[in-house]
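Working notes, structure below.
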Amino acid sequence: MQLQRKLGRPTWVYGAKLRFFSVASDEWQDAKKKGPQEVGAFYTNITKKFIACFGWHFDYKNSDQEWVEVGPETWADINDTTGLSDEEVEKRKAYFQDLRKQAQKTGMEIKTTLSKIAQTLPKPPRRTCMSQFYSRTYYSLRCKTDFEPLWAHEETRELAPGEKRMKRLDLANKLANDAYEKETPEFKEWLRVEREKEHQANVEAYEEKMKALDVVPDDAPAFHKALANAAAFMQPLCDLTAKKFGAAVTMLVVLPVDNGAIEMRSVFSGKTSGLVPKTYPEFDPLGFDALQQSYVNFGHHVFSKADCDLRVLHAMETKDGDSDQYEDDATVGDPFALPPPPFVPSIPSPPLEQLQAQETVPSTAPAASASTIPPPRSLGTMPTPPPTEPSTSASPSTAPTPARQTSPPVISSPSTFTTSPNVAAILADANIDTIPAPAAGAFSGVLAVADQWGPEWAQAVAAFIHFERDAQFPAKELRLPGSVHRPVAIKTWYTEKRAMSGAQWEAHGTGDSDAFGKRWWLWWADIQPEGRQIKGDVVPDVDGSTLDWTRLCKPGPTGVLLALVTLVWWKKMLGGVASDSWTKAVVDVEAALRCSRQATPDSAPQKKRKRVAESDLTPTDMPASDMPASKKRQPKPSARALGIR
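Just so we're aligned, residue 1484 is where the sequence shown starts under the numbering used here, counting upward by one.
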């Protein structure tokens, strides 16, 4: 059986010719940055150089040969026709023009191929048929009243043998076409001009999009905008490579990210055969970790400190150096359409900046019941932190953070846990039914199993809901600190648009529970506050009030929720088998959530409170002691008032 040739015109750039053009790729990019005039000069010079390397009248479309690098002194005067016959001059002129045109198409061919792979190539506009253009505006005025009776007749009329009944859309198009034909010639000409105006606008928009494909990132925002679409670009390319060579393919990229740190991005094509197909990192997580660490180390020798500094998005820098953007969120939209309404409308809420500056803020969330909710079993006792120094920072807050409580709750030791709490009472106290619909959808995978895995798990879910309610269920996508130990499944989940149900969600609950649990603990230990060391699944019994929990104080659909999501996957992998390691993880996450709701220690900088006009506040809105002092300059007393003559 003869294989069919792939559709489309085959490229003439291959072998030695491909290497020739690849050598000039950097100069091509530089020319595009400088503008059309430089691009034109580049194509003229690359054509001259090609002729100098391969010779005049070389059959470049069907032949290939090795070439030797030559300098400008060799190819600059390649078009000198002194001493040649008129026939040869015309022949060379035609050859040069044709070759230059093909060189231009080569650049477009590469750009078009990559854009098709990434599925980002805009479609060229087409002129709308006149009857359709007419129908968009005038169908409701000229045709709609006649359509329903005609359609009723069409549905009931008897058909001749072999005749097919007209479709609804076909009848509507026929009415529009008939109405258009009845219009006056002057109206048709005016309508044609309007259609041309619309088409020209579409052509200009298309050309702008095509020009945008040539843009090469040259600053930090441009680099990270491109990085945001890395998965959409790399995954199809990886799949295409795997298909072309019949291979399992891994693509690795190491680069400075938005906080200047060196990180690796990767995509995979090809899975193991068996009942549970696995990608390379799922098949050998420890081996992949070693590869990732080695490749990141390689990146530190590729990029200098100056290179990393050029990639820093200064508006996104945080105290911890945490990255606020992942490579695989490109396809993820905002899961929260609207901000949630206040839960207690009768009590006016002070501005967000006040909530962050005040030491005591009444919580709108229901208080935990001591009779039904047991204290967590880790992190020790939390004494009240010392007062903090007032901040002089003028930068306003950019995202809601959990409100401060008047005093941190006492976290008892494991020996105090003696009673078995009621799971239903724990979850009832969390008021899950009052969670705003957008947030409930983003948390649905966790909420669906909140009452299925015992009191420790229910307590962790309840603590998470209280944590989110303190922050007013923010829509902003805050991020946990970056870590090379982050479970690979999280990245896959992001590419799946963070599905919380269905086959993709359930697939994350399959695999090796022991390997996943070990990686989970490595990740959890890596993102802990400074000074809190976790070894294996052994949690230190330390005073958490002395720690800065801002690294984990990340509410929203992409923050500390990831810890609970991965615990759900881990539990499903266990398949009903009890696991002390999983239970320890649940208890520690619950305790960390409680600590994250507390006031930060002295070392944590505070936001400066925003001034609020007196007319916007009532005495019940703000204590008199917290009222900002007036900055109006006091009148300077005169000499007479001071008794000075």
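From the three backbone atoms N, C-alpha and C, an ideal C-beta is built for every residue, glycine too.
Continuous alpha helix (DSSP H) stretch holding residue i: start and end
| i | result |
| --- | --- |
| V1971 | V1971 to T1978 |
| M1613 | M1613 to R1625 |
| N1660 | R1651 to E1664 |
| G1928 | S1927 to L1930 |
| N1528 | P1519 to F1537 |
| V2043 | Here V2043 belongs to no alpha helix (DSSP H), and DSSP marks it neither H nor E. |
| R2002 | S1996 to D2009 |
| R1981 | Where R1981 is concerned, there is no enclosing alpha helix (DSSP H), given that its DSSP letter is neither H nor E. |
| R2080 | Neither: R2080 is in no alpha helix (DSSP H) and is coded neither H nor E. |
| P1704 | A1703 to A1711 |
| K1761 | No alpha helix (DSSP H) contains K1761, which DSSP labels as neither H nor E. |
| A1945 | G1937 to D1953 |
| V2060 | From DSSP, V2060 is part of no alpha helix (DSSP H); its letter is neither H nor E. |
| D1912 | V1906 to D1912 |
| K1788 | K1788 to L1793 |
| E1556 | P1555 to W1558 |
Range covered by the beta strand (DSSP E) that runs through residue i
| i | result |
| --- | --- |
| L1738 | V1732 to P1739 |
| M1747 | I1745 to S1752 |
Whether residue i touches residue j by CB criterion (8 Å)
| i | j | result |
| --- | --- | --- |
| F1781 | V1737 | yes |
| V2048 | G1937 | no |
| E1939 | V2069 | yes |
| F1999 | W2032 | no |
| E1989 | P2040 | no |
| S1945 | L1910 | For the sequence presented, residue 1945 should be read as Ala rather than Ser. Yes, they are a contact pair. |
| Y1617 | A1643 | no |
| V1971 | E1765 | yes |
| A1688 | Y1621 | no |
| T1530 | L1582 | yes |
| L1963 | L2045 | yes |
| A1586 | Y1526 | yes |
| S1984 | M2056 | no |
| A1535 | T1557 | yes |
| T1978 | A1714 | yes |
| P1608 | V1686 | yes |
Identity of the residue in the options nearest residue i by Cα
| i | options | result |
| --- | --- | --- |
| D1934 | A1913, P2038 and L2035 | A1913 |
| R1610 | C2078, T1557 and E1677 | E1677 |
| K1584 | V1553, E1549 and Y1543 | Y1543 |
| S1752 | S1568, G1518, Q1718 and G1743 | Q1718 |
| L2076 | H1991, E1746, Q1942 and W1495 | Q1942 |
| Q1955 | I1745, A1577, Q2016 and A1923 | A1923 |
| V2043 | C2078, D1629, D1790 and G2014 | C2078 |
| R1748 | S1787, D1767, H1707 and K1726 | H1707 |
| I2017 | K1665, K2067, T1993 and P1608 | K2067 |
| N1742 | A1586, G1965 and W1558 | G1965 |
| G1498 | S1508, K1517, D1547 and W1539 | D1547 |
| L1723 | A1703, V1750 and D1701 | V1750 |
| D1953 | K2037, R2015 and W2003 | K2037 |
| H1783 | A1773, L1710, P1739 and T1762 | P1739 |
| E1549 | Y1763, G1729 and R1502 | R1502 |
| Y1778 | V1967, E1556 and K1517 | V1967 |
| V1496 | Q1512, K1517 and F1533 | F1533 |
| S1505 | E1521, F1728, E1552 and W1539 | E1552 |
| D1788 | R1575, Y1763, I1745 and T1755 | Correcting the residue identity first, residue 1788 is Lys in this sequence and not Asp. For K1788, the nearest C-alpha among the options comes from I1745. |
| L1796 | N1545, M1983, N1528 and L1710 | L1710 |
| R2080 | L2035, Q1520, R1648 and M1693 | L2035 |
| E1690 | D1767, K1606 and R1640 | K1606 |
Secondary structure of residue i, DSSP reduced to three states
| i | result |
| --- | --- |
| K1584 | helix |
| A1643 | coil |
| D1513 | helix |
| N1685 | helix |
| D1547 | coil |
| F1541 | coil |
| G1498 | helix |
| H1783 | helix |
| F1771 | helix |
| H1968 | coil |
| D1563 | coil |
| R1442 | Absent from the model: residue 1442. The displayed extent of the chain is 1484 to 2128, so no value can be given. |
| A1507 | coil |
| D2031 | coil |
| I1918 | coil |
| R1962 | coil |
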